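Chains as they are written, first to last, in the working numbering: chain A, 128 to 454; chain B, 2 to 327. Positions of the beta carbon are idealized from the N, C-alpha and C atoms, including for glycine. Note that this is a predicted model, so its numbers are computed, not measured. What follows is a short report on a single structure.
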């Protein structure tokens with residue numbers, strides 16, 4: 128099968144998956160127990176006002192009308208309005224998504240830079256004490272829940288030592304003084320808030336590239352061209368980084384694209400622990416207060432990030448590795 | 002030609018679907034086959050010290066879970082004392098382990114619950130979630146993978162599209178939404194985890210059975226007239242078993258982690274004590290800021306120990322399934 132038709136087929140698949148996610152969501156949120164409007168409607172409200180409100184959310188129409196409207200809105204990226212704050216969900220997502228991305232990308236870049244380097248080294252120095260300790264560290268990092276590491280870090284460095292703030296993204300009372308998102312990001316105060324959650328997440332993410340890189344290095348190192356390099360009298364360092372590591376990098380790239388998607392989806396817990404105003408924490412809060420337009424919108428964003436990055440990883444793999452066949 | 006068929010039949014007679022009087026024999030044979038495979042794995046697994054230690058840890062937790070009522074000193078959800086103003090209690094009792102003069106080994110929570118007893122009973126929730134979720138995710142995943150890989154074609158296509166769809170769902174957010182819809186109950190958390198987690202087992206088992214299907218012994222069984230189910234259960238399944246166990250033990254670890262996370266967020270079962278709900282309560286009462294570490298450190302250590310054990314046992318299996326790693 129040719130490259131072009133692969134791209135077309137993969138794109139169609141992407142659309143079908145997105146539609147399926149939307150449909151399942153529509154069904155799920157309508158199964159949710161409890162009257163969602165009870166959270167917005169006060170008891171003093173007259174029957175007419177109540178009716179009007181339900182009407183304005185379109186909750187009275189037959190299910191198929193609601194479904195079609197839901198899909199139409201989805202295509203136009205309109206997720207409705209929050210039951211809780213009456214804000215458009217799109218605005219809420221636009222407020223919280225950048226916060227999540229800053230945290231995730233920082234953690235991710237640190238984790239992959241460190242993880243890949245350590246992976247190369249532990250693959251190279253196979254059987255050494257260094258290798259064993261890095262592998263054990265990576266395993267431990269993936270076994271202890273991130274939110275728990277976060278709790279302990281907060282306790283020791285926040286509550287006991289007072290080095291890091293206990294919650295949030297900026298100090299109290301400074302929220303209004305920034306003119307924009309970027310203005311806030313490049314402040315010392317923001318960095319002080321960022322460092323702990325990013326370090327905890329980075330420690331967790333690091334294990335994955337480390338272990339993949341190690342295995343990949345072991346495979347590359349057994350190939351003939353490494354011996355050729357040695358025979359040519361190249362420096363060990365040159366062989367390790369220029370020849371072996373570069374060839375071992377391929378599985379990492381696609382793994383990274385997929386892992387990034389899951390990282391955004393997995394942001395829920397760490398954002399909750401550090402009270403980081405990100406999209407994952409917002410989703411949890413929306414679910415807890417039965418604010419289903421917000422829960423739905425944030426969930427769709429989290430899911431489609433994964434789906435898109437999977438898609439990109441698929442295409443990238445074919446581009447990077449010419450040996451891949453499309454079938 | 003007829004002769005040849007006759008002789009090939011005689012070689013594979015034990016693969017034949019016999020009459021009903023042979024039924025007992027057939028089951029015995031299957032049983033023996035499975036037992037031998039498992040015995041072989043057990044031998045390879047217990048070769049490694051880390052795996053042995055992990056199994057001891059899991060075994061220890063299982064014992065604690067079974068004998069929880071005898072080990073725990075108090076009821077996990079029974080208030081031990083009342084505050085001055087009445088039922089609402091704001092302070093905790095320090096652990097006697099640290100020299101405080103109380104009857105509470107690990108102190109109490111701000112709600113007046115005995116932490117040691119909660120920890121002991123929490124073992125039950127963790128193991129229940131871990132073992133049940135892992136059993137079903139590995140089981141369903143293996144069955145789907147075998148069927149998809151063996152039959153191929155449309156069945157394979159349909160099943161794999163479902164798997165693809167599930168791969169598009171972020172684990173924790175999806176479980177949160179499912180639990181919110183189904184209601185905060187331990188069994189609903191388990192159900193939500195099962196719904197999502199069989200995807201990875203299914204994918205791996207499918208690719209394995211795709212290649213197994215082309216092997217001579219499967220072809221031979223086909224020629225000998227063995228039925229589909231016979232081939233799947235007796236020729237494919239024993240060969241993918243190590244993978245099933247690998248994903249099963251990883252599944253225990255993931256399920257325990259996920260349950261702890263869901264409960265920590267506040268969507269846990271309010272009527273069950275789990276390590277996650279303990280952590281959630283400690284956070285709700287700001288045990289962190291007050292430095293009441295005996296409340297939130299022990300449950301985390303238990304989660305970590307159990308999860309690491311699960312991963313290490315899984316890695317032991319990885320060595321069996323992928324000899325290249327050794």
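CB-CB length for residue i against residue j, believed under 8 angstroms
i: residue 270 (chain A); j: residue 308 (chain B); result: 4 angstroms
i: residue 165 (chain B); j: residue 314 (chain A); result: With a Cβ gap of about 43 angstroms, residue 165 (chain B) and residue 314 (chain A) do not count as contacting.
i: residue 247 (chain B); j: residue 150 (chain B); result: With 8 angstroms as the limit, residue 247 (chain B) and residue 150 (chain B) do not qualify as a contact, their Cβ atoms being about 17 angstroms apart.
i: residue 245 (chain B); j: residue 143 (chain B); result: 5 angstroms
i: residue 77 (chain B); j: residue 185 (chain B); result: Not really, about 18 angstroms apart at Cβ, beyond 8 angstroms.
i: residue 371 (chain A); j: residue 337 (chain A); result: Not a contact, Cβ separation roughly 16 angstroms.
i: residue 202 (chain A); j: residue 427 (chain A); result: So it is not a contact: roughly 12 angstroms between Cβ atoms.
i: residue 266 (chain A); j: residue 154 (chain A); result: Not confirmed; about 39 angstroms, so no contact.
i: residue 31 (chain B); j: residue 216 (chain B); result: At roughly 19 angstroms, the Cβ-Cβ gap does not stay under 8 angstroms, so residue 31 (chain B) and residue 216 (chain B) are not in contact.
i: residue 127 (chain A); j: residue 280 (chain A); result: Residue 127 (chain A) lies beyond the residue range present for chain A, which begins at 128 and ends at 454; the question has no answer from this structure.
i: residue 406 (chain A); j: residue 227 (chain A); result: 5 angstroms
i: residue 277 (chain A); j: residue 400 (chain A); result: 4 angstroms
Sequence-distant residues of the same chain with beta carbon closer than 8 angstroms to residue i, five excluded per side
i: residue 280 (chain B); result: 261, 264, 265, 297, 300, 301
i: residue 141 (chain A); result: 434, 435, 438
i: residue 339 (chain A); result: 246, 378, 379, 382
i: residue 321 (chain A); result: 229, 230, 233, 296
Segment limits, alpha helix (DSSP H) that includes residue i
i: residue 283 (chain A); result: Looking at the DSSP string, residue 283 (chain A) is not in any alpha helix (DSSP H), and its letter there is neither H nor E.
i: residue 168 (chain B); result: 154-168
i: residue 399 (chain A); result: 394-400
i: residue 272 (chain B); result: Careful: residue 272 (chain B) lies outside any alpha helix (DSSP H) and carries neither H nor E.
i: residue 360 (chain A); result: Neither: residue 360 (chain A) is in no alpha helix (DSSP H) and is coded neither H nor E.
i: residue 53 (chain B); result: 50-67
i: residue 260 (chain B); result: 238-263
i: residue 221 (chain B); result: 217-224
i: residue 231 (chain B); result: 229-232
i: residue 208 (chain A); result: No alpha helix (DSSP H) holds residue 208 (chain A); DSSP gives it neither H nor E.
i: residue 199 (chain B); result: 187-214
With 16 other Cβ atoms within 10 Å as the buried cut-off, status of residue i
i: residue 398 (chain A); result: buried
i: residue 365 (chain A); result: exposed
i: residue 132 (chain A); result: exposed
i: residue 200 (chain B); result: buried
i: residue 131 (chain B); result: buried
i: residue 290 (chain A); result: exposed
i: residue 441 (chain A); result: buried
i: residue 236 (chain A); result: exposed
i: residue 221 (chain A); result: exposed
i: residue 420 (chain A); result: buried
i: residue 175 (chain B); result: buried
As assigned by DSSP and simplified to three states, the class of residue i
i: residue 278 (chain B); result: helix
i: residue 314 (chain A); result: coil
i: residue 115 (chain B); result: strand
i: residue 74 (chain B); result: coil
i: residue 203 (chain A); result: coil
i: residue 215 (chain A); result: strand
i: residue 222 (chain A); result: helix
i: residue 19 (chain B); result: Bear in mind that the predicted position of residue 19 (chain B) carries a pLDDT of just 46, short of 50, making it unreliable; the figure below should be weighed with that in mind. Residue 19 (chain B) falls in the coil class under three-state DSSP.
i: residue 109 (chain B); result: strand
i: residue 176 (chain B); result: helix
i: residue 1 (chain B); result: In the structure as shown, chain B begins at 2 and stops at 327. Residue 1 (chain B) is therefore absent and cannot be evaluated.
i: residue 35 (chain B); result: helix
i: residue 271 (chain A); result: coil
i: residue 297 (chain A); result: coil
i: residue 389 (chain A); result: helix
i: residue 189 (chain A); result: coil
i: residue 28 (chain B); result: helix
i: residue 404 (chain A); result: coil
i: residue 432 (chain A); result: helix
i: residue 349 (chain A); result: coil
Cβ-based neighbour list, residue i, same chain, cut-off 7 angstroms, excluding 5 preceding and 5 following
i: residue 74 (chain B); result: 106, 115, 117, 118
i: residue 327 (chain B); result: With a pLDDT of only 44 at residue 327 (chain B), under 50, the local geometry of the prediction cannot be trusted, and no value is derived from it.
i: residue 128 (chain B); result: 62, 63, 66
i: residue 243 (chain B); result: 42, 318, 321, 322
i: residue 156 (chain B); result: 148, 149
i: residue 268 (chain B); result: 177, 180, 181, 185
i: residue 239 (chain A); result: 336, 383
Sequence-distant residues of the same chain with beta carbon closer than 6 angstroms to residue i, five excluded per side
i: residue 303 (chain B); result: 276
i: residue 423 (chain A); result: 152, 156
i: residue 250 (chain A); result: 341, 344, 345
i: residue 330 (chain A); result: 268
Check: residue i C-beta below 7 angstroms from any heavy atom of the ligand HEM
i: residue 76 (chain B); result: The ligand HEM is absent from the structure shown, which contains no ligand whatsoever.
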